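Residue numbers for the sequence shown follow this note's numbering, beginning at 704 and rising by one.
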Amino acid sequence: MKSAAVGKWPLFMMLGLSVGLSNHVILLPVILDEAGRDAWLSSPLSFVIIMPWLLFIIHGTMKRTKYSRLTDLISSKLSKPVAWILLLPMLLLLLMLSFQTFTETVDWTSTTYLPATPPLVLQLCLIGLVAYGAWSGLQALVLISCLLLPSVVVLGDFVMTANMPDKDYSYLLPILENGPGGLIRATLFSVGSLLELSLLLLIQHHLRGELKRRYMLLLLFFVALLTLGPAIGAVTEFGPIEAAKLRYPAFAQWRLVTIGKYIEHLDFFAIFQWLSGAFIRISLPLFIVLDLLPVRRKSRRAVLLASLCLIYVVVLQVLSHYNFNYMSFTKIIFIADVFILGAVTFLLWLLSHSRKIKEGVADDRASGNNATS
704 MKSAAVGKWP LFMMLGLSVG LSNHVILLPV ILDEAGRDAW LSSPLSFVII MPWLLFIIHG
764 TMKRTKYSRL TDLISSKLSK PVAWILLLPM LLLLLMLSFQ TFTETVDWTS TTYLPATPPL
824 VLQLCLIGLV AYGAWSGLQA LVLISCLLLP SVVVLGDFVM TANMPDKDYS YLLPILENGP
884 GGLIRATLFS VGSLLELSLL LLIQHHLRGE LKRRYMLLLL FFVALLTLGP AIGAVTEFGP
944 IEAAKLRYPA FAQWRLVTIG KYIEHLDFFA IFQWLSGAFI RISLPLFIVL DLLPVRRKSR
1004 RAVLLASLCL IYVVVLQVLS HYNFNYMSFT KIIFIADVFI LGAVTFLLWL LSHSRKIKEG
1064 VADDRASGNN ATS
């Protein structure tokens, strides 16, 4: 598993794909279900809430730790058992985020464009692809993100523009028609999705150079916009009642697209968009877990990665025999994001203020930077 220092813009593209899939696809039906026509308001509200957290808590922690490996920071301040108590919930949540995307992708694929293909075949194909991506390392994930994200953004702008004649913006008003409760819940889920930007802390030792606040703010604005646009599109195209019933509103918007009188069924572009984001969102947490766990031998890393992939497939096979509620599972994940990521990042910020940092804590990052300078 290879890795090297990466630049800020490639990192922007990788996190844009990963968190962008969450905001653009997975989060959208949740906030529409909770807030209806007010779902679009959850994006600017969550942006305002997360902005100080990202610019001061996350940026401050990264700057004070000099972009060193997170495990080095924790081990320099805490005993080993306490350090693992702090780190394990975050790593387990990462695996849950990865598994959530794995289950959503297989379910969406089975119910849309490959209904006749056995789900096990889809699971094995997808897990093999993401395992290869995780094993290839961060630099490979960053490179493929730089190749995929521009096309994903262009296609997103295309579907937004093509559906303009079908939009009725009067559906967006009145706001708070049914009170603030739905909007508050939707904003909480949106905050949970944006908190996934705390991945920056887990891969900061691979970053080349300092990450300025303006770049972090731009990244936050970009991923928040990926919720605002589809939410407005879903409400204005289908109406608040029908939009809340859709399982995949972003995909449904593609089914409205036509070019002239004779060209339609362009929803295959949505497959490219979804799989681009899903590949990064499943592979990146697997890479981070392998990178942070104290497993250095290549053979043991391979066994660990294979074991995690096998668990994904086995658990999904078991769940497929029950009436598994994907919506409830997704809501639980976003709530876990809020409490676990919020609490852990705040504790890390407090730890970063301590002066007792072991000498040479940034050696790993420095050696990584020298390897590619």
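Each residue gets a CB set at the ideal place from its N, CA and C atoms; glycine is no exception. All values derive from a computational prediction rather than experimental measurement.
C-beta atoms of residue i and residue j nearer than 7 Å
i	j	result
leucine 735	alanine 742	yes
leucine 914	serine 721	no
isoleucine 788	tryptophan 1052	no
serine 893	serine 745	yes
glycine 739	glycine 980	no
glutamate 940	lysine 1001	no
leucine 797	isoleucine 991	yes
glycine 1077	leucine 852	Residue 1077 cannot be examined here, being either before or after the span of the chain that is shown, 704 to 1076.
leucine 1019	arginine 1004	no
leucine 790	methionine 919	no
valine 938	alanine 947	no
serine 901	leucine 1050	no
serine 813	proline 822	yes
glutamine 826	valine 809	yes
Status (buried if at least 16 other CB within 10 Å, exposed otherwise) for residue i
i	result
leucine 904	buried
cysteine 1012	buried
alanine 1056	Note on residue identity: the sequence assigns histidine, not alanine, to residue 1056. Under this definition histidine 1056 is an exposed residue.
tyrosine 1015	buried
arginine 984	buried
aspartate 860	exposed
histidine 968	exposed
serine 873	exposed
valine 833	buried
proline 732	buried
serine 896	buried
phenylalanine 971	exposed
phenylalanine 750	buried
proline 933	buried
glycine 831	exposed
phenylalanine 1037	buried
isoleucine 753	buried
asparagine 1073	Because asparagine 1073 sits at a pLDDT of 47, beneath the cut-off of 50, its placement in the model cannot be relied upon, and the point is left open.
phenylalanine 1042	exposed
leucine 921	exposed
Through-space distance from residue j to residue i, alpha-carbon basis
i	j	result
methionine 1030	leucine 1022	14 Å
tryptophan 838	leucine 730	28 Å
valine 926	valine 1006	34 Å
alanine 1046	leucine 773	15 Å
alanine 1069	leucine 978	Its pLDDT being 46, under 50, alanine 1069 is placed unreliably in this model, and the value from its coordinates should be taken loosely. When rounded, the distance between both Cα atoms is 34 Å.
glycine 963	methionine 793	49 Å
leucine 923	glutamate 899	11 Å
leucine 1054	leucine 776	8 Å
leucine 835	alanine 843	In the sequence as presented, leucine is not what sits at residue 835; that position holds tyrosine. Computed Cα separation, rounded: 10 Å.
lysine 780	leucine 850	40 Å
glutamine 976	serine 782	44 Å
isoleucine 966	alanine 708	45 Å
glycine 710	methionine 716	10 Å
glutamine 907	isoleucine 944	43 Å
methionine 704	isoleucine 847	For methionine 704, the predicted model reports a pLDDT of 48, less than 50, meaning its position is unreliable; a value from the coordinates is still stated below. Near 16 Å, if we compare the C-alpha coordinates of isoleucine 847 and methionine 704.
isoleucine 974	leucine 876	32 Å
proline 818	leucine 829	16 Å
serine 714	histidine 727	At residue 714 the sequence reads leucine, which differs from the serine that was named. Going by the C-alpha atoms only, they are around 19 Å apart.
leucine 931	threonine 890	12 Å
proline 784	valine 998	17 Å
leucine 929	tryptophan 712	18 Å
valine 856	histidine 909	26 Å
leucine 996	threonine 961	49 Å
glutamate 1062	leucine 989	In this predicted model, glutamate 1062 has a pLDDT of only 43, less than 50, meaning its place in the structure is not dependable; the value taken from the coordinates is given anyway. Those two C-alpha atoms are separated by around 29 Å.
valine 862	arginine 917	29 Å
glutamate 807	isoleucine 887	25 Å
valine 824	alanine 1009	17 Å
isoleucine 935	alanine 786	43 Å
tyrosine 816	glycine 912	43 Å
glycine 942	valine 1017	39 Å
serine 854	alanine 1039	32 Å
methionine 799	glycine 840	20 Å
tryptophan 811	leucine 858	19 Å
serine 778	threonine 1048	16 Å
Per DSSP, the bridge partner or partners of residue i
i	result
isoleucine 966	Ile962
valine 709	Leu910
Check: residue i C-beta below 6 Å from any heavy atom of the ligand MG
i	result
leucine 841	Inclusion of the ligand MG in the displayed structure is not the case, the ligand content being empty and no account of it being possible.
### Message
So, does the stretch 874-883 touch the stretch 948-967, judging by three or more C-beta pairs under 8 Å?
### Response
no
### Message
Check whether the stretch 955-967 and the stretch 858-867 are in contact - that is, three or more C-beta pairs closer than 8 Å.
### Response
yes
### Task
Decide yes or no for the touch test of the stretch 762-780 against the stretch 1025-1040: beta carbon pairs closer than 8 Å, at least 3 of them.
no
### Query
Three or more C-beta pairs closer than 8 Å, one from the stretch 793-803 and one from the stretch 1031-1042: is that the case here?
yes
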